[in-house]
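Residue numbers (the working numbering), protein chains in the order written: chain A, 2 to 258; chain B, 2 to 258.
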């Protein structure tokens, strides 16, 4: 099976010219088939503030009312996505920017109102890989914005980690997929205070042990649970690392066993 | 040769829910291969105003400084484009939103500074049809935003009429192309005061005659010159009509002779 790398980068990296420039370099240098998934939350918050729209977050997720949906559609689908695409084209990468609505690649359902009404936020229901696989095999490099659609004409704000994970799972039927989650640290750390205490490999058994010992806690727990779910669904490996390390793929590798 | 219809619609039509809804209906009903090219100037002006950015127009073209480029990237590439794509998907049209940067479909050069410095405005240099033709033959329907790129990482604001015309010319090698320019009137009028005085057919000879007689004047002259240039380059016919008439293709037909 041919290899495919899916890189997920957060807003901070793609929103500052310096870090974006370095990311585009590193991503361009990555050999083989690849997909980039990006965030853009900081720019969305900034634009919302300039427009007098309040940004409300619950559990790290943006409450997306109608005005906020317009903001994220402009920022994620337009500003961030198209600047990445133009930047990659300049480096000879044949990028194509896509939301879930484009060629119906990612269909989602508006999150039901529970204790929190998240508004126009989508939970991924299906990744239609046919168009993606065809583009990738033709040499195009999909750049996915964190927006999906419900198939009834509505765009929905969708978590970029989830888009990366679900896309990785779906593409695992066609490629040997490595999913790389970039964040600010070098990997999952044994000691939060020591940047060099990266745990090189985590298996399900080690994960349970680290959680029991309190070594792994907080927001890292759902991130790793998502990673194991991807592995279970056929993704070859998940790597958690810094954006600057995507080509070397150092960091923490999450494997089945 | 298989037929392809390229529909160009201005900002006014795609920016109001009512007229957009009707356009999506009419465009969905259009048989065969098709491409939609849209504007979005009014929304760009509105967003710019909300952000305290002055919109300056010279000869109907927007002066595009760095801040304005961000605005049009958000509005054309994000807000307008992605809402059209989601709307078409809801009608079963497999739309894919593209700027010229996506898959390098339209390369342009920043307009040289002459009497006017238009800023980040692009003059189309090349339409790369390979990716477009491949998408179209796979059943995808490109929705083109009025943005291109220079191949060096810069997006450029680009006139939607020009994008439609140049795309029509380039695709004429692969398809029998009909190019439809939608505007507010039923067609080119013999008498501006009489909405029903549509000139049904204009040939180059008739065009010269109408210009001499003062029947055709003002902004319609460059529009028709562009239309004849498209015809000369192999486009089968150009139609100037109302958005509501795109499926019937009534209006003014511009033909070679």
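We put the beta carbon where it would ideally sit given N, CA and C, even for glycine. No experiment lies behind these values; they were computed from the predicted model shown.
Q: Return the Cβ separation of residue 5(A) and residue 137(A) in integer angstroms, given the expectation that the two are a contact with Cβ distance under 8 Å.
A: Their Cβ separation, rounded to whole angstroms, is 7 Å, which keeps residue 5(A) and residue 137(A) in contact under 8 Å.
Q. So, are the CB atoms of residue 89(A) and residue 72(A) less than 8 Å apart?
A. Their beta carbons are not under 8 Å apart, which means residue 89(A) does not touch residue 72(A) by this criterion.
**Q.** Anticipated Cβ contact below 8 Å, residue 188(A) with residue 130(A), distance rounded
**A.** Wrong, their Cβ atoms sit about 29 Å apart, outside the cutoff.
Q. According to a CB-to-CB cut-off of less than 7 Å, which residues of the region 47 to 74 of chain B neighbour chain A?
A. 51, 52, 71 and 74
Q. Is the CB-CB distance between residue 255(B) and residue 238(B) below 8 Å?
A. yes
Q: Identify which residue in 21(A), 176(A) and 91(A) has its Cα closest to the Cα of residue 3(A).
A: 176(A)
**Q.** Span separating the alpha-carbon of residue 99(B) from that of residue 35(B)
**A.** Straight across, the Cα-Cα distance linking residue 99(B) with residue 35(B) is about 14 Å.
**Q.** Given residue 128(B) as reference, the closest of 67(B), 57(B), 79(B) and 159(B) once Cα atoms are compared
**A.** 159(B)
Q: Check the Cβ of residue 105(A) against every Cβ in chain B and list those closer than 7 Å, keeping chain order.
A: In chain order: 90 and 95.
Q: Using beta-carbon positions only, say whether residue 122(B) and residue 112(B) come within less than 8 Å of one another.
A: yes
Q: Could you tell me whether the Cβ of residue 83(B) comes closer than 8 Å to any Cβ of chain A?
A: A Cβ of chain A is located within less than 8 Å of the beta carbon of residue 83(B).
Q) residue 155(B) touches chain A at which residues, Cβ-Cβ below 7 Å? A) 87
Q: Give every residue of the same chain whose Cβ lies closer than 6 Å to the Cβ of residue 86(B), excluding the five residues on either side of it in the sequence, and list them in chain order.
A: 96, 98 and 144
Q. Using a Cβ-Cβ distance under 8 Å, would residue 33(B) count as near chain A?
A. no
Q) What did DSSP end up calling residue 233(B) once you bin it into helix, strand or coil? A) helix
Q.
Looking only at its chain, what residues have a beta carbon closer than 6 Å to the beta carbon of residue 38(B), apart from the 5 residues adjacent to it on each side?
A. 9, 145, 161, 164 and 165
Q. From what residue to what residue does the beta strand (DSSP E) around residue 163(B) run?
A. No beta strand (DSSP E) contains residue 163(B), which is instead part of the alpha helix (DSSP H) from 161 to 172.
**Q.** Where the region 130 to 141 of chain A meets chain B: residues whose CB sits under 7 Å from a CB there
**A.** Going along the region 130 to 141 of chain A in chain order, one finds 135, 139 and 141 with a Cβ nearer than 7 Å to chain B.
Q) Is there a Cβ from chain A that is less than 8 Å from the Cβ of residue 21(B)? A) no
Q) Can the beta-carbon of residue 94(A) be found less than 8 Å from the beta-carbon of residue 44(A)? A) no
Q) Is any beta-carbon of chain B found at less than 8 Å from that of residue 179(A)? A) Contact with chain B is absent for residue 179(A), since none of that chain's Cβ atoms lies less than 8 Å from the residue's Cβ.
Q) Out of curiosity, what's the CA-to-CA distance linking residue 28(A) and residue 134(A)? A) 19 Å
(Q) Could you give the first and the last residue of the continuous alpha helix (DSSP H) run that contains residue 133(A)? (A) First-last of the alpha helix (DSSP H) with residue 133(A): 130 to 138.
Q.
Just to confirm, is the Cβ distance from residue 268(B) to residue 173(B) under 8 Å?
A. Outside the modelled stretch of chain B, which goes from 2 to 258, sits residue 268(B), for which no answer is possible.
Q: Take the Cβ of residue 92(A) as the centre, count every other Cβ of all protein chains shown within 10 Å, and call the residue buried at 16 or more, exposed below.
A: exposed
Q.
In the DSSP assignment, the beta strand (DSSP E) including residue 186(B) goes from what residue to what residue?
A. Here residue 186(B) belongs to no beta strand (DSSP E), and DSSP marks it neither H nor E.
**Q.** Interface flag, residue 38(A) vs chain B, CB-CB below 8 Å
**A.** So no, residue 38(A) is outside the interface.
Q: Examine the ligand FAD and report whether any of its heavy atoms sits within less than 7 Å of the Cβ of residue 70(B).
A: Absence of the ligand FAD is noted for the structure shown, with no ligands found whatsoever.
Q: Please work out which residues of its chain come closer than 8 Å, Cβ to Cβ, to residue 218(B), disregarding the five sequence neighbours upstream and downstream, and give them in chain order.
A: 212
Q | Residue burial classification, residue 147(B) (beta-carbon count within 10 angstroms, cutoff 16) | A | buried
Q) Are there 16 or more other CB atoms within 10 angstroms of the CB of residue 84(B), so buried, or fewer, so exposed? A) buried
Q | C-alpha gap between residue 149(A) and residue 171(A), whole angstroms | A | 15 Å
Q. Whose Cβ in chain A lies nearer than 9 Å to the Cβ of residue 76(B)?
A. By Cβ distance, chain A contributes 75 and 79.
Q. Under a three-way DSSP split, which group does residue 109(A) fall into?
A. strand
**Q.** Interface residues of chain B facing residue 102(A) [CB-CB closer than 8 Å]
**A.** 83, 86, 87, 90, 96 and 98
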